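In my numbering, each residue carries its 1-based index in the sequence shown increased by 89.
Beta carbons are placed, not taken as given, at the ideal position from N, Cα and C, and that holds for glycine.
Remember, it's a predicted structure, so these values are computed and weren't measured experimentally.
Have a look at the structure below before the remarks.
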Amino acid sequence: VDGVWAPGAVLPSEGQLAAEIGVSQGTVRKALDELAAENLVVRRQGRGTFVAEHDERRILFQFFKLAPDQGAPRFPDSAVLSTTTAFADAGEREALDLADSETVIRIRRLRSLGERPLIVETLSLPQRLFPGLETGPVPNNLYSLYAGHYGITIAHARERLKAVALGSEDATALGVTAGDPALQIDRLALSLDGMPVERRLSLCLTQEVHYLSDLR
């Protein structure tokens with residue numbers, strides 16, 4: 090899955106995979122079961138097993154945990170505020186396991202549900218993993234871009250949550266007053282092989298939404 094088959098591609102049969110890798114068919118079946126449980130592959134009756142795509146529905150339920158207090162969950166819209174490159178700061182180096190001399194791409198976005206600004210976020214990406222990303226358009230669905238254009242599939246993410254008071258710049262972007270409360274979500278996204286590839290610091294208004302985590 091890790092760069093061998095593109096998102097949406099059908100995988101070889103269990104027998105073919107077993108022969109190619111040199112393991113038993115039972116081992117392949119168990120591995121596919123684990124990948125399916127992690128939403129990395131999708132099994133379709135009568136059609137086969139497919140590499141999962143980072144479509145909006147998958148991201149909404151696997152990675153986007155803010156849901157409206159009323160109505161069904163939906164994927165937020167995004168507006169890019171800035172895209173820059175710089176040497177990684179201490180926090181970025183620690184989170185992304187970068188050397189002192191490495192550079193990052195920083196994307197600052199405003200995300201909204203309907204007409205309501207909800208999140209202002211700053212993403213930090215190792216520039217060596219995403220060459221040219223800073224010069225092109227930034228899509229709403231970044232995880233799909235990572236997988237389709239750069240061969241990097243986001244498999245897991247770790248989040249740390251904290252209540253904070255908004256600074257003036259973030260408050261202005263969200264249309265509220267400096268010092269207003271917000272939920273800070275510090276997320277580290279990891280690839281299939283466990284490599285940290287994105288740090289995302291999000292400041293979220295929670296007057297009309299809540300954080301929903303399905304524990305299993």
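- DSSP places Asp259 within a helical segment (H, G or I) once states are collapsed to three.
- In the pairwise beta carbon analysis, the stretch 192-199 is classified as touching the stretch 209-216: at least three pairs are separated by under 8 Å.
- In the DSSP assignment, the residues bridged to Gly137 are Arg133.
- If you draw a 10 Å sphere on the C-beta of Pro215, you find 16 or more other C-beta atoms in it, and that means buried.
- Using a 10 angstroms sphere on the CB of Lys251, the tally of other CB atoms stays under 16, which defines it as exposed.
- The way I'd put it, the stretch 231-248 does touch the stretch 268-279; three or more beta-carbon pairs between them come closer than 8 Å.
- DSSP places Arg182 within a helical segment (H, G or I) once states are collapsed to three.
- Cβ-Cβ distances below 6 Å link Leu202 to Pro165 in the same chain, with the five nearest sequence neighbours on each side left out; the list follows chain order.
- The Cβ atoms of Gln114 and Ala107 lie closer than 8 Å to each other.
- With a minimum length of 3 residues, the unbroken runs of beta strand (DSSP E) contained wholly in the stretch 191-237 fall at 192-202 and 205-215.
- Distance from Ala177 to Leu185 at the Cβ level is roughly 7 Å; contact confirmed, criterion being Cβ atoms closer than 8 Å.
- In this structure, the straight-line span from the alpha carbon of Tyr300 to that of Arg163 is close to 13 Å.
- Between the stretch 250-265 and the stretch 290-297 there are three or more inter-stretch CB-CB distances shorter than 8 Å, so the stretches are counted as touching.
- Sixteen is the threshold: since fewer than 16 other Cβ atoms of the shown chains lie within 10 Å of the Cβ of Val99, the residue is exposed.
- Rounded to the nearest angstrom, the Cβ distance from Gly264 to Pro206 is 6 Å, consistent with a contact under 8 Å.
- By the Cβ-count criterion, Ile241 is buried, with 16 or more other Cβ atoms from all chains shown falling within 10 Å of its own Cβ.
- DSSP links Gln273 through a beta bridge to Lys251 and Leu292.
- DSSP links Asp303 through a beta bridge to no other residue.
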